[in-house]
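Each remark here refers to the structure printed beneath this line.
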Amino acid sequence: MPKVVKNSLTAADVQAIAEKLDQLEEKPRPLSTREIINMLKPKVAALRAKGYSFDEIAAELTKNGIKISGLSLKSYTGAKKPVRKPVDKKSTAPDQSEDKSPEPPAGDNMTPKKNIS
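Start counting the sequence shown at 2; every next residue gets the next number (this note's numbering).
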């Protein structure tokens with residue numbers, strides 16, 4: 002059975018280690034794609050105003066190391082779909098209650114009947 006080794010540190014040793022840990026600088030972490038796009042929102046908006054599509058902007062970002070699709074770019078920038086005007090159903094579709102076509106009799110399975118002569 003392996004021998005258990007106990008730490009032989011004193012409180013002063015632990016305090017010295019704690020002070021060394023406090024001196025460590027913050028280590029930079031990679032940004033998420035959402036954070037990157039959030040930082041670039043004004044640039045994306047400016048390119049959109051110049052007529053570029055989300056797919057075109059996304060392709061340029063991907064060339065520069067930011068892998069993103071046009072759809073994700075659109076979503077991350079908070080772009081909304083254009084609001085459509087409601088369609089007047091009366092003018093575009095005939096009223097179903099005025100349908101004068103006869104209904105097939107109940108039980109008719111739509112097979113042609115043979116002419117017995």
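Glycine residues also receive a C-beta, built at the ideal position from the N, C-alpha and C atoms. Predicted model only: the values in this text are computed from it and were never measured.
The alpha helix (DSSP H) with residue i in it runs from where to where?
i: residue 60; result: 55-64
Whole angstroms is fine: what's the gap from residue i's alpha carbon to residue j's?
i: residue 72; j: residue 8; result: 55 Å
i: residue 59; j: residue 66; result: 11 Å
i: residue 87; j: residue 81; result: 17 Å
i: residue 79; j: residue 31; result: 23 Å
i: residue 57; j: residue 40; result: 18 Å
i: residue 68; j: residue 50; result: 22 Å
i: residue 74; j: residue 22; result: 39 Å
i: residue 48; j: residue 54; result: 8 Å
i: residue 45; j: residue 33; result: 17 Å
Three-state secondary structure (DSSP) at residue i?
i: residue 70; result: coil
i: residue 49; result: helix
i: residue 86; result: coil
i: residue 75; result: helix
Counting only beta-carbon separations shorter than 8 Å, does residue i have a partner in chain C?
i: residue 36; result: This model lacks chain C altogether, as it is built from one protein chain only.
Would you say residue i touches the ligand NAD, meaning its beta carbon is less than 7 Å from a heavy atom?
i: residue 18; result: This structure simply doesn't include the ligand NAD, nor any ligand for that matter.
Point to revise | Every unbroken alpha helix (DSSP H) within the stretch 3-45, with a cutoff of 4 residues, ordered by chain | key: The qualifying runs are 12-23.
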